[in-house]
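J.: Residue numbers (this note's numbering): 4 to 253. Shown below is the structure under consideration.
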């Protein structure tokens with residue numbers, strides 16, 4: 004039976020890697036073949052003839068600086084930002100009991116408990132090189148390679164009999180205001196204004212990053228190569244599963 008369990012785990016993990024790699028391959032092919040968008044030219048066209056952009060929607064990649072007119076305050080670092088994902092985790096040492104024969108023994112185990120977890124994303128504006136301003140909607144984009152903060156405090160605080168708080172870990176992922184970013188998404192017109200939102204096309208990612216386009220392409224290409232690892236795990240998973248059934252029917 005253990006062969007089946009191992010086989011199923013390897014099979015599922017392999018399938019996940021295959022689909023994950025194919026998604027990154029689609030994103031790489033789209034971004035690599037898509038010419039850079041001159042958003043400022045689109046602003047000029049829109050000013051000259053707004054009817055050109057009725058029901059407008061198109062994939063886009065653009066660079067700009069996040070404005071600091073509106074912002075959130077991150078709970079841990081207290082920084083001005085438009086997105087944060089914050090978590091505080093406590094590591095607690097507790098006793099547990101077990102039997103060796105008829106004798107009761109005492110051991111210790113360490114478990115983790117999330118004390119605080121919160122994620123917020125607000126609508127924000129970016130300014131392009133041509134000083135045009137457009138809005139970015141918080142529709143679950145991938146936040147890639149921006150500010151990540153982690154701090155650990157080693158403690159030995161007694162909470163109860165033989166129970167101690169031994170470590171506290173603070174983690175926070177942040178998109179700061181007044182930051183240069185590269186965005187891939189879908190350009191739309193809402194209430195007469197340009198907005199960037201989540202694309203409807205599956206091959207177009209929705210990403211906010213401080214990487215360059217070339218760095219992002221390299222990342223997609225590297226991640227797409229994991230398909231070979233995924234195929235390997237799928238094959239091994241099938242071998243383990245079949246080995247069990249062959250053994251059963253001997």
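For glycine and all other residues, C-beta sits at the position ideal for the given N, C-alpha and C.
So what's residue 77 in DSSP terms, helix, strand or just coil?
T.: coil
J.: The beta strand (DSSP E) spanning residue 72 covers which residue range?
T.: Residue 72 -> no beta strand (DSSP E), and no H or E assigned at all.
J.: Do you know how far the Cα of residue 34 is from the Cα of residue 220?
T.: 7 angstroms
J.: Which term fits residue 255, buried or exposed, when burial requires 16 or more other beta carbons within 10 angstroms of its beta carbon?
T.: Since the first residue of the chain shown is 4 and the last is 253, residue 255 is not available in this structure.
J.: Tell me the residue span of the beta strand (DSSP E) that contains residue 215.
T.: Residue 215 -> no beta strand (DSSP E), and no H or E assigned at all.
J.: Measure the Cβ-Cβ separation of residue 10 and residue 240 and say whether it is below 9 angstroms.
T.: yes
J.: Along the chain, where does the beta strand (DSSP E) that runs through residue 147 open and close?
T.: 145-147
J.: Is it true that the region 67-80 meets the region 94-110, where meeting means three or more beta-carbon pairs spaced less than 8 angstroms apart?
T.: no
J.: Where are the beta strand (DSSP E) runs, 3 residues long or more, that stay fully inside the region 155-213, in chain order?
T.: Counting only runs of 3+ residues, the beta strand (DSSP E) found wholly inside the region 155-213 occupies 166-179, 183-193, 196-200 and 210-212, in chain order.
J.: Taking buried to mean at least 16 other C-beta atoms within 10 Å of its own C-beta, is residue 15 buried or exposed?
T.: exposed
J.: What span of residues does the alpha helix (DSSP H) with residue 134 cover, start to end?
T.: Segment: none, residue 134 is in no alpha helix (DSSP H) and carries neither H nor E.
J.: Within 10 angstroms of its Cβ, does residue 154 collect 16 or more other Cβ (buried), or is it exposed?
T.: exposed
J.: Can you give me the C-alpha to C-alpha distance between residue 218 and residue 28, rounded to a whole angstrom?
T.: 15 angstroms
J.: With 16 other CB atoms within 10 Å as the buried threshold, where does residue 38 fall?
T.: Residue environment: residue 38 is assigned as exposed (fewer than 16 neighbouring CB atoms within 10 Å of its CB, all protein chains considered).
J.: Along the beta strand (DSSP E) that carries residue 88, what are the first and last residues, could you check?
T.: Counting along the chain, the unbroken beta strand (DSSP E) around residue 88 starts and ends at 83-103.
J.: Please name the residue, chosen from 227, 69, 114 and 111, that lies closest to residue 137 on a Cα-to-Cα basis.
T.: 69
J.: Taking the C-alpha atoms as reference points, what is the distance between residue 130 and residue 199?
T.: Computed Cα separation, rounded: 13 angstroms.
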